[in-house]
Amino acid sequence: PVGNMSGGGPAASVRAAAGAPPQGAGGWGVIEIFETYNTVAPAVTLTCEDYALVYRLAENGQKPRVRIDADAELLGEVPAFNTIATIRGVEKPDEYVILSAHFDSWDGGSGATDNGTGTLMAMEAMRILRLAYPRPKRTILVGHWASEEQGLNGSRAFATDHPEVLRGLQALFNQDNGTGRVQSLSAAGLTALGPHLRDWYAKLPSFYTDSLSANVVSWSFRDVPTGNPGGTDGAVFSCYATPSIGMGAVGWNYNTYTWHTNRDTYDKVVFDDLRHNATLAAMLAYLASEDPTFVDRTKSPGAWPANWPANCGDAPRRTNPRY
18 PVGNMSGGGP AASVRAAAGA PPQGAGGWGV IEIFETYNTV APAVTLTCED YALVYRLAEN
78 GQKPRVRIDA DAELLGEVPA FNTIATIRGV EKPDEYVILS AHFDSWDGGS GATDNGTGTL
138 MAMEAMRILR LAYPRPKRTI LVGHWASEEQ GLNGSRAFAT DHPEVLRGLQ ALFNQDNGTG
198 RVQSLSAAGL TALGPHLRDW YAKLPSFYTD SLSANVVSWS FRDVPTGNPG GTDGAVFSCY
258 ATPSIGMGAV GWNYNTYTWH TNRDTYDKVV FDDLRHNATL AAMLAYLASE DPTFVDRTKS
318 PGAWPANWPA NCGDAPRRTN PRY
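In C-alpha cells form, the structure reads like this:
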C-alpha cells in the first residue's frame, strides 16, 4: 500500500519533509480522496498524526510495519447515466439554455458541496422557471452529469451524442464549487459572449449584482470574457466552441475542508446561499432564453483551449485505464 496524507499548511510541510509531493490543500484533520494514478498498488490515506508517527519511526531506522485491514471488492464496470430534464421552448425550441451540474461525488463524504449544492441549485432553478416561465423562448435544459469525477465522462458523452444541442446552445451555466453565494461568472473562448453576459448582468436586481460586480465588470467592458473554465463539466462545452459560463461561489473553506474530503457532508450546506444561487441561475437562464440574438461563435484570439474543438475527443465508453 501507498501511504498518503492530506492537509495543507503545516501538513504540507510534513509531507515535504518526508519527501512526498504536496497534494491538494486540505486542512488539518481532513482526509482528501483522490485516485492513485496507477493500476498496481492501492492508495491508503493516513491521518496527519499517524503519518507523522510512521515518518518519525522510519527516520529513526525503526522500520515500522503498517497492518491494514481494508474491506473492498472490485465489482467491475457499472453503467453511468445522466439525468436530463427540459422545458421546451415555444419560439426557438432548437436553441438551448443549459443549467449544468454533475451528479456524482467522491466517496469520502456524501458529496454535499461537490456537487450536491450545484445539483440542488439547478433543480431549484428549474422548479422556479417551471412556475414563473413555463413557456420559454428557447428550450431550457438541466443536465445532471454522471462520472464527472472520473474525467467529465457524462458531459462528454452528452456532447458527443447531441451535436444538435451544441449547435443550438445559447448559454450554459455550470456550478461546481461549494455552498457559498455565487460571486463570479467566468467564461472563455468566444468574443461575442462578453457583450451578451454584460447585458444579462445589467438586467439583474442590484441585490445580486452587488456580489458579482467586481468579478464581472473587470472583463465584460472589454467585450471579451476571460478565464479558464477549469476541470469541470463547463470545460467540455467550451471545448466545442459553445458559450459556457462558470458560476464561481464564495469559498467557505471549500478547497481546504470539503472538496474531495471526508467532511463533505450535509451539515456544511448553507441553505440561504443555495436559495440565492438558485434564484440567480433561474434569472440568468430566463435572460439568456429571452435574448433576441444568438451568441456568435467567433473565437477570441488566444482563447482557451489552444486548438479546440480538435482536441475535445469523444467520451470514453469504458473505464479509463488510469483508474
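Numbering (my numbering), first residue to last: 18 to 340.
Beta carbons are placed, not taken as given, at the ideal position from N, Cα and C, and that holds for glycine.
Closest by C-alpha distance to residue i, when choosing among the options
i, options, result
"Val199", "Glu166, Val267, Gly46", "Val267"
"Val159", "Ala60, Ser127, Ala118", "Ala118"
"Gly125", "Thr208, Thr315, Tyr283, Pro309", "Tyr283"
"Phe288", "Glu165, Glu141, Ser127, Ile115", "Glu141"
"Ser317", "Pro212, Thr53, Pro96, Ile115", "Pro212"
"Thr259", "Asp313, Ala58, Ala332", "Asp313"
"Ser127", "Tyr225, Ala305, Asn279, Thr315", "Asn279"
"Gly46", "Thr53, Asp67, Val57, Pro59", "Asp67"
"Gln167", "Ser223, Glu94, Ala302, Pro180", "Glu94"
"Leu364", "Asn77, Cys65, Val114", "Any question about residue 364 goes unanswered here, given that the chain covers just 18 to 340."
"Tyr257", "Glu76, Asp227, Tyr225, Gly185", "Gly185"
"Ala332", "Thr177, Glu52, His277", "Thr177"
"Glu181", "Tyr225, Phe224, Pro110, Gly248", "Pro110"
"Leu207", "Ala219, Ile262, Glu165, Lys220", "Ile262"
"Thr315", "Phe224, Asp227, Ala209", "Ala209"
"Glu165", "Ala69, Gly248, Ala149", "Gly248"
"Leu116", "Ala149, Met143, Arg215", "Met143"
Sequence-distant residues of its chain with Cβ nearer than 8 Å to residue i (five each side left out)
i, result
"Phe311", "Glu112, Gln187"
"Asn270", "Gly44"
"Arg152", "Val107"
"Trp217", "Leu301, Leu304, Ala305, Asp308"
"Gly265", "Asn194, Val199, Gln200, Ser201, Leu202, Ser203, Asn232"
Own chain partners of residue i with C-beta closer than 6 Å, once the 5 adjacent residues on each side are dropped
i, result
"Ala231", "Legend: pLDDT at Ala231 = 33, less than 50; position of this residue unreliable, no value from coordinates given."
"Thr275", "Thr130, Asp281, Lys285"
"Glu90", "none"
"Phe98", "Ala163"
Proximal residues to residue i (C-beta, below 7 Å), its chain only, five neighbours per side dropped
i, result
"Arg84", "none"
"Ala35", "Here the model assigns Ala35 a pLDDT of 41, short of 50, so the residue's position is not dependable and the matter cannot be decided."
"Thr100", "Phe120, His161"
"Leu291", "Thr134, Leu137, Met138, Thr196"
"Asn132", "Ala118, His119, Ser122, Asp193"
"Arg334", "none"
"His293", "Arg198"
"Ser228", "Arg198, Gln200"
Residue i, DSSP secondary structure in three states
i, result
"Arg84", "coil"
"Ile48", "coil"
"Tyr72", "helix"
"Ser203", "strand"
"Pro110", "strand"
"Arg155", "strand"
"Gly78", "coil"
"Leu92", "coil"
"Val116", "It is Leu, not Val, that sits at residue 116 in the sequence shown. Here Leu116 sits in strand by DSSP."
"Ala332", "coil"
N- and C-terminal bounds of the alpha helix (DSSP H) containing residue i
i, result
"Ala102", "Here Ala102 belongs to no alpha helix (DSSP H); instead the beta strand (DSSP E) covers 100–104."
"Trp276", "Here Trp276 belongs to no alpha helix (DSSP H), and DSSP marks it neither H nor E."
"Trp217", "210–219"
"Asn191", "Note, Asn191: premise wrong, no alpha helix (DSSP H); beta strand (DSSP E) at 186–191."
"Val61", "Run containing Val61: none in the alpha helix (DSSP H); it sits in the beta strand (DSSP E), 60–63."
"Val253", "250–256"
"Ser172", "170–178"
"Tyr225", "223–226"
"Leu4", "In the structure as shown, the chain begins at 18 and stops at 340. Residue 4 is therefore absent and cannot be evaluated."
"Asp290", "288–307"
Segment limits, beta strand (DSSP E) that includes residue i
i, result
"Gln261", "The sequence shown places Ser at residue 261, not Gln. That run of the beta strand (DSSP E) goes 261–266."
CB contact check: residue i to chain C, cutoff 8 Å
i, result
"Leu91", "In the structure shown, chain C cannot be found, because there is only a single protein chain."
Check: residue i C-beta below 7 Å from any heavy atom of the ligand NAP
i, result
"Ala204", "With respect to small molecules bound, the structure shown includes none, and the ligand NAP cannot be examined in it."
Assess contact between the stretch 176–191 and the stretch 297–317, defined as three or more Cβ pairs (one per stretch) separated by less than 8 Å. Is contact present?
Yes, since at least three Cβ pairs between the stretch 176–191 and the stretch 297–317 fall closer than 8 Å, the two stretches touch.
So does the stretch 104–111 actually touch the stretch 155–171, counting three or more Cβ pairs closer than 8 Å?
Verdict: yes, contact present.
Pair every Cβ in the stretch 251–266 with every Cβ in the stretch 170–180, then say whether three or more of these pairs are closer than 8 Å.
Segments in contact, yes.
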